[in-house]
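A.B. asks: Protein chains in written order, with my numbering: chain A, 1 to 138; chain B, 1001 to 1138.
No residue lacks a Cβ here, since even glycine has one placed at the ideal position from N, Cα and C.
This is the structure I want to talk about, given as structure tokens.
Protein chains: 2
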Amino acid sequence: MKFSTKDRYALRMMVELASRPPETFVPLKAISTSQDISLKYLEQIVTPLARAGLLASERGSQGGYQLTRPAAEITAGDILRAVEGEVIPIPCLAADAEDCPRRPQCRTLSFWEGLNQAINDYIDHVTLQDLCPPAAKK
Amino acid sequence: MKFSTKDRYALRMMVELASRPPETFVPLKAISTSQDISLKYLEQIVTPLARAGLLASERGSQGGYQLTRPAAEITAGDILRAVEGEVIPIPCLAADAEDCPRRPQCRTLSFWEGLNQAINDYIDHVTLQDLCPPAAKK
DNA sequence: ACAATTCCTTTTAACTTTGTAGGATATTAC
DNA sequence: GTAATATCCTACAAAGTTAAAAGGAATTGT
Chain A
1 MKFSTKDRYA LRMMVELASR PPETFVPLKA ISTSQDISLK YLEQIVTPLA RAGLLASERG
61 SQGGYQLTRP AAEITAGDIL RAVEGEVIPI PCLAADAEDC PRRPQCRTLS FWEGLNQAIN
121 DYIDHVTLQD LCPPAAKK
Chain B
1001 MKFSTKDRYA LRMMVELASR PPETFVPLKA ISTSQDISLK YLEQIVTPLA RAGLLASERG
1061 SQGGYQLTRP AAEITAGDIL RAVEGEVIPI PCLAADAEDC PRRPQCRTLS FWEGLNQAIN
1121 DYIDHVTLQD LCPPAAKK
């Protein structure tokens, strides 16, 4: 049970963006340098975040990425869900889960549902602002 | 972020053991049949559970496995930890984690620590008894 | 024109998961 | 004492996932 490095990188990237002045576009190259993540890998990580509407991009010189919402309105859950799809502990809980014949009598399902809720409750109440040092708050 | 099928099977197996009369040894073949898990795979799953002291075994005819403690005293956390080692969301939180140079300034670490705690708090307070239907309680 | 940048697709290497297989060892029943 | 029933132990293999690199096309500002 581990979150992928993509998840970890995405969160780090978003925290860095949140701690920079908003309204300006930050090129991935800058983040690549300061976070020590390869530019090419970052490009892949950023794609689902932009698709999910968490980031706006601008191409070309002076281009880059910026948050589409204030840091206080973007949660870790938003980010992880953008990268992972659903954040669920087992496949049975997927929205499109094939129906398992033993589901009606399954005694472990309630346990996993509870864990799912504990995890999602937590990640949905931590915002990017919570992860930025007060000095950098906007 | 998913728990492995080994984790899921281990939990199912333990719940089944908990819902049978204690003090008797249940052969894996019986569990293999009722849970529809291959005997050979079950053998591998059971090994770490026995090593962790959650199960006692007896070899030979009339042998099998039994819980070493009442179902109310075995938690899902005990089981998952036996199978997985530590239950942690990212490698940085491992007991033997190599020290990361960016750790002192890492702004995401606190998030992962909080998630780790939310997960472990939950799994440590669900017992096998909680997952057994009242009728089968001992 | 040129440099900087995002965007899009493909490929590869390493790793992890999910099993299967074969046999050795212990215990009970007959 | 032999056969049947189990656990135990180790190795192997197939499939899937992750982490990353590579190459180039499209867009924008100077």
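In the region 3-69 of chain A, which residue ranges form an unbroken beta strand (DSSP E) of at least 3 residues, counting only runs that do not cross its ends?
C.D. replies: 55-58, 64-67
A.B. asks: Quick one, which of B/Leu1039, B/Gln1044, B/Pro1027 has its alpha-carbon nearest B/Asp1007's?
C.D. replies: It is B/Gln1044.
A.B. asks: If we cut at 8 Å on Cβ distances, does A/Val46 have a partner in chain B?
C.D. replies: no
A.B. asks: Note down, in chain order, every chain B residue with its Cβ under 8 Å from the Cβ of A/Glu84.
C.D. replies: Within chain B, the residues near A/Glu84 are Met1001.
A.B. asks: Roughly how many angstroms lie between the CA atoms of A/Lys40 and B/Phe1025, to the nearest whole one?
C.D. replies: 56 Å
A.B. asks: Buried or exposed: which applies to A/Pro207, given that a residue is buried once 16 or more other Cβ atoms fall within 10 Å of its Cβ?
C.D. replies: Outside the shown range of chain A, which is 1 to 138, sits residue 207 of chain A, and nothing can be said about it.
A.B. asks: I need the boundaries of the alpha helix (DSSP H) containing A/Ala82, first residue and last residue.
C.D. replies: 76-84
A.B. asks: Quick one, are the C-beta atoms of A/Ile90 and B/Lys1002 less than 8 Å apart?
C.D. replies: yes
A.B. asks: For B/Gly1064, does the count of other Cβ atoms within 10 angstroms reach 16, so buried, or fall short, so exposed?
C.D. replies: buried
A.B. asks: Say whether chain A places a C-beta atom closer than 8 Å to the C-beta of B/Cys941.
C.D. replies: The structure shown does not extend to residue 941 of chain B, since chain B is modelled only from 1001 through 1138, so no value can be given for it.
A.B. asks: Note down the Cα distance separating B/Pro1027 from B/Ala1097, rounded to an integer number of angstroms.
C.D. replies: 38 Å
A.B. asks: Please report the distance separating the alpha-carbon of B/Val1083 from that of B/Ile1119.
C.D. replies: 16 Å
A.B. asks: Return yes when at least one heavy atom of the ligand GDP lies under 7 Å from the C-beta of B/Asn1120, else no.
C.D. replies: Ligands in the displayed structure: none, and consequently the ligand GDP is not present.
A.B. asks: Count the other CB atoms, across all protein chains shown, that sit within 10 Å of the CB of A/Ala71; report buried if there are 16 or more and exposed otherwise.
C.D. replies: buried
A.B. asks: I'd like to check one pair, A/Ile123 with A/Leu80: are the Cβ atoms closer than 8 Å?
C.D. replies: yes
A.B. asks: Beta carbon of A/Arg107, beta carbon of B/Val1015: below 8 Å?
C.D. replies: yes
A.B. asks: Could you tell me the distance, in whole angstroms, from the CA atom of A/Pro22 to the CA atom of B/Pro1101?
C.D. replies: 28 Å
A.B. asks: Using 8 Å as the limit for Cβ to Cβ distance, is B/Arg1051 near chain A?
C.D. replies: no
A.B. asks: Residues of the region 1103-1120 of chain B in Cβ contact with chain A at a cutoff of 9 Å, in chain order, please.
C.D. replies: Taken in chain order, the members of the region 1103-1120 of chain B whose beta-carbon sits within less than 9 Å of a beta-carbon on chain A are Cys1106, Arg1107, Thr1108, Ser1110, Phe1111, Trp1112, Gly1114, Leu1115, Gln1117, Ala1118, Ile1119.
A.B. asks: Using beta carbons (cut-off 8 Å, strictly below), is A/Pro91 in contact with chain B?
C.D. replies: By this cut-off, A/Pro91 is an interface position.
A.B. asks: Give the DSSP-derived three-state secondary structure of B/Leu1128 in the structure shown.
C.D. replies: B/Leu1128 sits in coil when the DSSP states are folded into three classes, being neither helix nor strand.
A.B. asks: For B/His1103, which three-state DSSP category applies?
C.D. replies: Note on residue identity: the sequence assigns Arg, not His, to residue 1103 of chain B. Three-state result, B/Arg1103: helix.
A.B. asks: For A/Asp121, does the three-state DSSP call read helix, strand or coil?
C.D. replies: If DSSP states are grouped into helix, strand and coil, A/Asp121 belongs with the helices.
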